[in-house]
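Heads up, my numbering is the position in the sequence shown plus 635, with the first residue counted as 1.
We put the CB at the ideal spot given by N, CA and C, even for glycine.
Read through the structure below, which is laid out as structure tokens, and then see the notes.
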Amino acid sequence: MRPRQQGFTYLAILFTVALGSIAMGAGAAMWTLESQREKERELLFVGDQLRAAIGRYYESTPGEVKQFPASLEQLLWDSRHAVPQRHLRRLYADPLSGKPDWGLVRTPSGAIMGVYSRSPQRPVKQARFADRHERFAGRAHYSDWQFIYEQGYVRHTPAVFEEPVGLPGS
Numbered sequence: 636m637r638p639r640q641q642g643f644t645y646l647a648i649l650f651t652v653a654l655g656s657i658a659m660g661a662g663a664a665m666w667t668l669e670s671q672r673e674k675e676r677e678l679l680f681v682g683d684q685l686r687a688a689i690g691r692y693y694e695s696t697p698g699e700v701k702q703f704p705a706s707l708e709q710l711l712w713d714s715r716h717a718v719p720q721r722h723l724r725r726l727y728a729d730p731l732s733g734k735p736d737w738g739l740v741r742t743p744s745g746a747i748m749g750v751y752s753r754s755p756q757r758p759v760k761q762a763r764f765a766d767r768h769e770r771f772a773g774r775a776h777y778s779d780w781q782f783i784y785e786q787g788y789v790r791h792t793p794a795v796f797e798e799p800v801g802l803p804g805s
């Protein structure tokens with residue numbers, strides 16, 4: 636080798652390794668972001684499944700007084716009927732933690748009317764939600780994404796009675 640070319644191959648290999656490391660770092664960041672987005676999509680799906688199951692449990696209550704489940708396990712096997720019903724095939728794990736450790740939104744009586752992830756992470760998705768998820772826009776944590784069954788739920792507030800207009804004595 637000539638003295639002017641000594642070390643050129645070494646520098647070329649060093650430069651190639653540096654570029655490869657930068658590319659791998661960028662790829663890892665992109666993979667992490669895409670993985671987080673996939674977990675968000677799964678959270679939205681699973682949360683909707685649990686909300687729908689809570690709604691089916693509530694709406695199928697025998698009698699006039701509707702009831703929410705006391706536990707998530709009651710969604711798997713509802714024995715309030717002559718023929719037990721299944722509102723959910725299995726208890727889903729929280730996609731963010733991988734465990735079935737959901738936070739529970741409870742009624743004043745302690746029954747479950749909704750679920751949420753306990754993850755304190757900041758969501759990647761901040762806008763452009765479907766109508767049923769529009770309240771999640773701009774939330775700071777996944778734990779703020781609450782999947783609550785509200786249709787048919789009557790909050791226990793005192794009734795206000797007014798005197799009808801036009802009756803004698805008014």
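Alpha-carbon to alpha-carbon, Q684 and G745: In this structure, the CA atom of G745 is about 21 angstroms from the CA atom of Q684.
Cutoff 6 angstroms; reference P758; Cβ partners in own chain excluding five residues on either side: Hits under 6 angstroms: Y777.
Option nearest K760 by Cα separation, candidates S670, I648, G660 and A658: Comparing alpha-carbon positions, the option among S670, I648, G660 and A658 lying closest to K760 turns out to be S670.
Euclidean distance between Cα positions of A765 and R672: Those two C-alpha atoms are separated by around 15 angstroms.
W737 and R753 closer than 9 angstroms at C-beta: Against a cut-off of 9 angstroms, the Cβ pair of R753 and W737 comes out as a contact.
Beta-ladder partner(s) of I648, from DSSP: In the DSSP output, where bridge partners are listed per residue, I648 has none listed.
Y727 to V718 span [Cα, whole Å]: A straight-line Cα-Cα distance of about 24 angstroms links Y727 and V718.
Backbone secondary structure at Q781 - three-state DSSP: In the structure shown, Q781 sits in a strand (DSSP, three-state: E or B).
Alpha carbon of A688 to alpha carbon of L707, nearest angstrom: Each residue's Cα considered, the two are about 9 angstroms apart.
Any C-beta of chain B under 9 angstroms from that of E708: Included in the structure is just one protein chain, with no chain B present.
Bridge partner(s) assigned by DSSP for G738: According to DSSP, which records beta bridges pairwise, G738 is partnered with Y751.
Contacts around R790, its chain only, beta-carbon distance under 8 angstroms, and the 5 residues preceding and following it disregarded: Confidence at R790 is low in this model, with a pLDDT of 42, below 50, so the placement of that residue is unreliable and no value is reported for it.
Nearest candidate by alpha-carbon position, reference G676, set Q786, W780 and Y784: One detail in the question is off: residue 676 reads as Arg in this sequence, not Gly. The residue with the shortest Cα to Cα distance from R676 is W780.
Beta-bridge pairing of D713 - partner residues as DSSP gives them: Looking at the DSSP output, D713 sits in a beta bridge with Q720.
Burial state of L654 (16 or more Cβ within 10 Å): Looking at its Cβ environment, which holds fewer than 16 other Cβ atoms inside 10 Å, L654 is exposed.
Nearest candidate by alpha-carbon position, reference Y784, set R774, A775, H768 and A772: Nearest C-alpha to Y784: H768.
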